[in-house]
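**Q** Read top to bottom, the protein sequences are chains A and B.
Those letters in the first sequence? Residues 28 to 141, by the working numbering.
Those letters in the second sequence? Residues 27 to 144, by the working numbering.
Glycine is no exception: its CB is placed at the ideal position from the N, C-alpha and C atoms.
Keep in mind it's a predicted model, so treat the numbers as computed, not measured.
Sharing a structure, written as structure tokens. Questions coming.
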Amino acid sequence: ETGVTQTPRHLVMGMTNKKSLKCEQHLGHNAMYWYKQSAKKPLELMFVYNFKEQTENNSVPSRFSPECPNSSHLFLHLHTLQPEDSALYLCASSLDRGGNQPQHFGDGTRLSIL
Amino acid sequence: AQKITQTQPGMFVQEKEAVTLDCTYDTSDQSYGLFWYKQPSSGEMIFLIYQGSYDEQNATEGRYSLNFQKARKSANLVISASQLGDSAMYFCAMRDLDRGSTLGRLYFGRGTQLTVWP
């Protein structure tokens with residue numbers, strides 16, 4: 028039980044599809060994050076939300092659209108993705124953005140773009 | 027820019043032996059935090075241990091300890107009494123504790139794949 032739940036665990040979609048990734052945490056955390064993990068590359072931070080407000084967009088293409096309706100839920104809306112977007116997408120949360128608070132990660136969604 | 031270097035793509039250790047996973051970092055900041063995470067093949071990133079730049083003592087958590095050498099900018103993870111379940115990818119990460127605009131950002135290394143054999 029990680030405390031951070033991501034659905035779906037696996038997703039295969041075509042380049043013209045629209046889908047959404049969901050992340051949910053009930054740890055009472057105020058900050059949530061999306062990361063992309065590609066093969067043989069370090070984890071790449073995509074977005075940071077703090078108290079539902081987006082505080083960081085790490086130059087992510089507009090075909091990725093995040094949404095944070097409340098501190099417990101985070102979505103990543105996907106549309107017209109490219110083959111190079113195939114990766115493991117990890118959601119994380121932390122009590123706040125700073126200090127020694129570790130980020131707690133979900134199991135990830137493994138995304139494959141056909 | 028922050029940078030984390032993990033020079034060991036793969037490490038092998040026999041069960042019950044100790045192993046050290048290397049991590050060096052590059053920062054000009056005075057206040058920062060160092061984290062180690064474990065990622066099994068299932069994909070989940072599991073937090074293991076934390077070391078603050080101003081902590082005088084090396085952090086320990088059960089079988090995990092962090093060999094922090096500030097002057098050398100290294101934060102090596104030591105796993106004692108390795109178990110088969112320790113086989114996983116291990117990531118070193120750093121967070122800047124001062125900078126407001128990127129507060130909270132974790133910078134990750136490329137990871138070390140640890141294999142524990144019987």
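Would you mind giving the Cβ-Cβ distance between Leu92/B and Tyr116/B, rounded to the nearest angstrom? I have them listed as a contact below 8 Å.
**A** Beta-carbon to beta-carbon, Leu92/B and Tyr116/B are separated by about 12 Å, too far to satisfy the 8 Å threshold.
**Q** Does the Cβ of Pro110/A have 16 or more other Cβ atoms within 10 Å, making it buried, or fewer, making it exposed?
**A** exposed
**Q** Looking at Tyr60/A: is its Cβ nearer than 8 Å to the Cβ of Gln130/A?
**A** yes
**Q** Which residues does DSSP list as the beta-bridge partners of Gln81/A?
**A** Tyr76/A.
**Q** Would you verify that the beta carbon of Glu82/B is, or is not, closer than 8 Å to some beta carbon of chain A?
**A** no
**Q** In the DSSP output, which residue or residues are listed as bridge partners for Met40/A?
**A** The partner list for Met40/A (beta bridge, DSSP) reads Ile140/A.
**Q** Which partner residues of Ala155/B appear in the DSSP bridge assignment?
**A** No statement about residue 155/B is possible, as the shown extent of chain B runs from 27 to 144 and does not include it.
**Q** Could you spell out the range, first to last residue, of the beta strand (DSSP E) harbouring Ser121/A?
**A** Ala114 to Ser121
**Q** Going straight from the alpha carbon of Glu94/A to that of Val39/A, what length do you get?
**A** 21 Å
**Q** In three-state DSSP terms, what is Gly111/B?
**A** helix
**Q** Run through chain B and tell me which residues come within less than 9 Å of Gln52/A, C-beta to C-beta.
**A** In chain B, no part has a C-beta under 9 Å from the C-beta of Gln52/A; the shortest such distance is about 13 Å.
**Q** With a Cβ-Cβ cutoff of 8 Å, do Ser98/A and Lys79/A count as a contact?
**A** yes
**Q** Does the distance from the C-beta atom of Leu110/B to that of Glu41/B stay below 8 Å?
**A** In this structure, Glu41/B lies closer than 8 Å to Leu110/B by Cβ.
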